[in-house]
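When the letters of the sequence shown are read in order and numbered with full-length UniProt numbering, they come out as residues 1 to 392.
Only one structure is covered here, and it is reproduced in the block below.
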Amino acid sequence: MKKQVLALAISAILLAACGKKEEPVAAPAAPAPVAAAPAAPAAPAGPVYDDEKVLNIYNWPDYVPEGMIAAFEKESGIKVNYDTFETNEALHAKLVAGNTGYDIVVPGTVFAKGQIEGGLLQPLKKDQIPNLANMDPAIMATLTKADPENKHLVPWAWGFTTVGINKTKVEKALGGMAMPENAWDLVFKPEYTSKLKSCGIAYLDSPTEIIPVALHYIGKDAYSNDPADYKAAGEMLAKVRKDVRLFSSTMIDDIAGGKACVAIGWSGDVNIAAARATENGSKDVIEAMLPSTGALIFFDTMAVTKDAKHPNNAAAFIDFYLRPENAALMSNEMGYPTGNKAGVAQVKPEIASNKTIFVEADYFAKMIPPSSFTNEAREAMGNTYNAFKKGK
Ligand code: SPD
């Protein structure tokens, strides 16, 4: 019941926050064991498959619970080819080029809005996805900013871009210096970065991941389309460039293995790094931070490409993924909240009580909901980011 209240509060916050800009986001979810299919919950006539029993999926790395794809293959007899991309930019370029060869892709809503408008994605075969009924209506409502009428997108997971730390190493590197009130200082303020470079600072490797958080840090709109704002963000970033050790969008092992003690990363990946370090016998404390000025929410959504060769198999997989037990598995294993309301009840207590996965409503109020960028803004952001990375 408490979670339901939280979900409603979050929805209200997101909807209110999104009134000023493009699209918004959504709420948290719950647990469950994986997946080999329980007795079919139902499409009236059972799943419809394409003649060719193949499905090509393109998703982010470290984003699917172990065994889930194999469980779908076993149940359906469909062979799944599962490839990964590391940035929204990479997926977008592939979609724009056409003939992707993929049936299901998982864009962030910040890019998906333009992809829908550009005709790169086709409407979901909703009549073949009865488990869409499991989705949280509040979350689906927030997605309408990117996908009017919820025709094309359904959440894979959501989370937030934040600061991840190896607290043990960070405290040591800072010496007697106190942790800042605002965790973004750890990655953007020279006073801190000059000390933390010794244990390793990592940034996500993408203009549309770094420039928005940099804009937010300097008090600008994270989704600004104003070139003057990018210039200001570039100037701030230039001051810490020499302290950044690595750029990567797959930094789980870098954090878990000690190559980076502080990172601009994604909440769930930091949680995975923490679990992996523990599995590897490390006693270090690794945490996803909740910066005092807020973190940036994102939504990653399943969508079917316009030229998908196996659209029925795609619908069957989406329906499979939306079973409550599979949705819960995402949160339990990958450390990201799901937008699947029916799945929430099956989330493990230790995951449900982790405030960096199921963020509390009062912190949620501080978070920045997603919006979208114009093509011009993306280009300008790319220029600012490339200049920063090259140290120019
Ligand atoms: N390990 C999977 C991470 C998926 C992250 N997607 C984030 C998109 C943020 N804009």
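The beta carbon of each residue, even a glycine, is placed where N, CA and C say it ideally should be.
The beta strand (DSSP E) runs lying completely inside the stretch 257–296 and spanning 3 residues or more are 262–266, 286–288, given in chain order. Membership of D50 in any beta strand (DSSP E) is not indicated, and neither H nor E is assigned to it by DSSP. Residue burial annotation: T305 is buried, with at least 16 other C-beta atoms found within 10 angstroms of its C-beta. At a threshold of 6 Å, Y385 does not count as near the ligand SPD, since its beta carbon sits no closer than that to any of the ligand's heavy atoms. Between P107 and A303 a beta carbon distance of about 6 Å is seen, short of the 8 Å cut, so the two are scored as contacting.
The continuous beta strand (DSSP E) containing A157 extends over residues 154–166.
Here L121 is bridged, per DSSP, to T305. Under DSSP, G234 shares a beta bridge with no residue. The ligand SPD never approaches W158 closely enough for any of its heavy atoms to be under 6 Å from the residue's Cβ.
In this structure, M330 lies near A157, with their beta-carbon atoms less than 7 Å apart.
With a beta-carbon spacing of about 5 Å, D50 and H310 fall inside the 8 Å limit used to define contacts. The distance from the Cβ of A273 to that of I286 is about 5 Å, consistent with a contact at the 8 Å cut-off. Nearest C-alpha to E376 among A277, M251, Y230: Y230. For I201, the enclosing beta strand (DSSP E) covers residues 201–203.
At a cut-off of 4 residues, the continuous stretches assigned as alpha helix (DSSP H) that sit fully inside the stretch 316–369 are 324–334, 341–344, 349–352, 361–364. For D226, the number of other beta carbons within 10 angstroms of its own is below 16, and it is reported as exposed.
Assignment of beta-bridge partners to I57 by DSSP yields Y82, I104. Using a Cβ distance threshold of 7 Å, Y363 and L290 count as a contacting pair.
Boundaries of the alpha helix (DSSP H) around M68: 68–76. For M135, the three-state secondary structure derived from DSSP is strand. Annotated three-state conformation of F188 is helix, per DSSP. Ranking E279, T193, A365, P324 by CA distance to the CA of A260 puts T193 first. Here the C-alpha atom of R241 lies approximately 6 Å from the C-alpha atom of G391. For W266, the distance from the CB to the nearest heavy atom of the ligand SPD is below 6 Å. The ligand SPD has a heavy atom closer than 6 Å to the beta-carbon of F298. Relative to the ligand SPD, the nearest heavy atom lies less than 6 Å away from the CB of Y63. With contacts defined as CB atoms closer than 7 Å, F299 and P155 qualify as a contacting pair. Taking the Cα positions, A288 is about 7 Å away from I165.
A residue is called buried when at least 16 other Cβ atoms come within 10 angstroms of its Cβ; S353 does not meet this threshold and is exposed. Residue state for F299 is assigned as strand, using DSSP reduced to three classes. Within the DSSP secondary-structure output, F247 pairs in a beta bridge with Y203. Look at G67: its beta carbon is at least 6 Å from all of the heavy atoms in the ligand SPD. For E117, there are no CB contacts under 7 Å within the same chain when 5 residues up- and downstream are skipped.
A direct Cα-to-Cα measurement between D253 and R276 gives close to 8 Å. Taking 6 Å as the cut-off, one finds no heavy atom of the ligand SPD near enough to the beta carbon of G294.
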